[in-house]
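Peer 1:
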Amino acid sequence: MNGKEIDLRSIWTEFENGTPLTRIARRRKIGRSALSRKLQRNDEVKYRKIMSTSRTAKKNIDLQGVWAGLVRGTALRRIAQKQKISDATLAKKLQQDNRMKYDKIMKTRRTKRRSVDLRTVWAELESGTVTLRKIAEKRGISRPGLAKKLRRDNELRYRKIMRLSKINREIFRGYFGSPEARRQGADSLFELGVKRLLEKHKIRFRFHPPLRLGKYRYIPDFLLFDDLILEAGGFFTNGYWRYCREKAKNYRKAGYIVFFVVLDHVSKKAEKYLPNQVRVIKYSDFKKDPRKTLRINRIDSVSKCPQKRRWI
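Using this note's numbering, the letters of the sequence shown correspond one by one to residues 26 to 337.
#1: Going by beta carbon distance, what residues of the same chain come within less than 8 Å of ALA105, once the five residues before and after it are set aside?
#2: Using CA coordinates, which residue listed in LEU143, ARG103, ASN123 and LEU223 is at the minimum distance from LYS313?
#3: Measure how close the beta-carbons of GLY165 and THR133 come, nearest whole angstrom, since I'm counting them as under 8 Å.
#4: Is PHE284 near LEU253, with beta carbons less than 8 Å apart?
#5: Would DSSP call PHE247 helix, strand or coil?
#6: Could you check whether the segment 288-303 touches the segment 255-267, counting it as contact only if at least three pairs of C-beta atoms, one from each stretch, sit closer than 8 Å?
#7: For my contact list, LEU143 and LEU175 are in at a C-beta cut-off of 8 Å; report their separation, rounded to the angstrom.
#8: Please report the straight-line C-alpha distance between ARG237 and GLU162, rounded to a whole angstrom.
#9: For VAL327, which three-state DSSP category applies?
#10: For TRP37, which residues of its own chain have a beta-carbon under 7 Å away from its beta-carbon, when the five flanking residues on both sides are left out?
#11: According to the Cβ coordinates, are GLU151 and ILE160 closer than 8 Å?
#12: ALA257 lies in the beta strand (DSSP E); which residues open and close that run?
#13: Below 8 Å on the Cβ atoms is my guess for ARG242 versus PRO235; work out the distance and round it to an integer in Å.
#14: Specify the secondary structure class of ILE282 as computed by DSSP and reduced to three states.
#15: What is the DSSP secondary structure of VAL219, reduced to helix, strand or coil?
#16: Would a C-beta distance cut-off of 8 Å place PHE247 and PHE232 closer than the cut-off?
#17: ASP325 to LEU249, Cα distance in whole Å?
#18: Does the distance from the CB of LEU157 to the CB of ARG168 come in under 8 Å?
#19: Whose CA, out of ASP87, GLN108, HIS226 and LYS107, lies closest to the CA of LYS317?
#20: Cα separation between LYS107 and ASP122?
The structure is reproduced here in structure tokens:
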């Protein structure tokens, strides 16, 4: 193998994360000593620093924390990466510390791997409220091990859930972690987009008005005509929509008309969970003409009180 074919940047990353040099060399089908020489030629100071750090790490391992992680169900390889040593070295140290305890944990894990109730795992995963890692830790097995079991059971179902969870993460990062939205006082970019559309079409509204409905306190996204609540929703998780359903029911009991503007990929989920009296509007339709989708030109469809129409 020529030096040009080796991606030294990725090798340095793995090496710094605690992956043993022997394993890195084996993956790339090159001798350990040859790889060591290449790294030293590239940056000798960095190489020596990593080697000295790994030697120090081997001596100064927080075994109490390692045992706690192992009991929780964290994979040995993951713990070893955090400690910046190989999993084989860590396993040896644990065996030297308490061989019986180590064997018992490993045996329990092997038993749990065989007897996992996949029906409850699927139910938890599809709810969207718990991550696969937390489900695995609860059952005392590693995340990759549980993922393999789910794939063997139903590959298509697993892929669909993972794709939806990825969409939720992207929504959270893109829509709910935006500094631009926070500067404008909005919770998300999606909410900010709805606000700008209302302003563009000269629809007057109150933004985040505090409401007290009996023992409940709510802050709806938008209040129009004093009796129409407009909410912007984007998450796919069942827990989120269960909360929205309860909130919408309380709005309706208090006499408010409720509309939900949702991202297109969650419209079916919203229709499934929200009460029949609540209207669900796709964001793609809302963008075309907010007045038409909110039925602002029809007095009887939104409010029985014509003078409230003048408020816009």
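Just so it is clear, CB atoms sit at the ideal spot from N, CA and C, and this is done for glycine as well. The structure presented is a predicted model; accordingly, all values stated were derived computationally and were not measured.
Peer 2: Put simply:
#1: GLY43, SER111, ASP112, THR114 and LEU115
#2: LEU223
#3: 6 Å
#4: yes
#5: strand
#6: yes
#7: 7 Å
#8: 40 Å
#9: Low confidence applies here, because VAL327 scores a pLDDT of 38, under 50, leaving its location unreliable and the question unanswered by this model.
#10: none
#11: no
#12: 253-258
#13: 7 Å
#14: strand
#15: helix
#16: yes
#17: Its pLDDT being 36, under 50, ASP325 is placed unreliably by the model, and the measurement read from it follows with that caveat. Their Cα atoms are separated by approximately 15 Å.
#18: yes
#19: HIS226
#20: 19 Å
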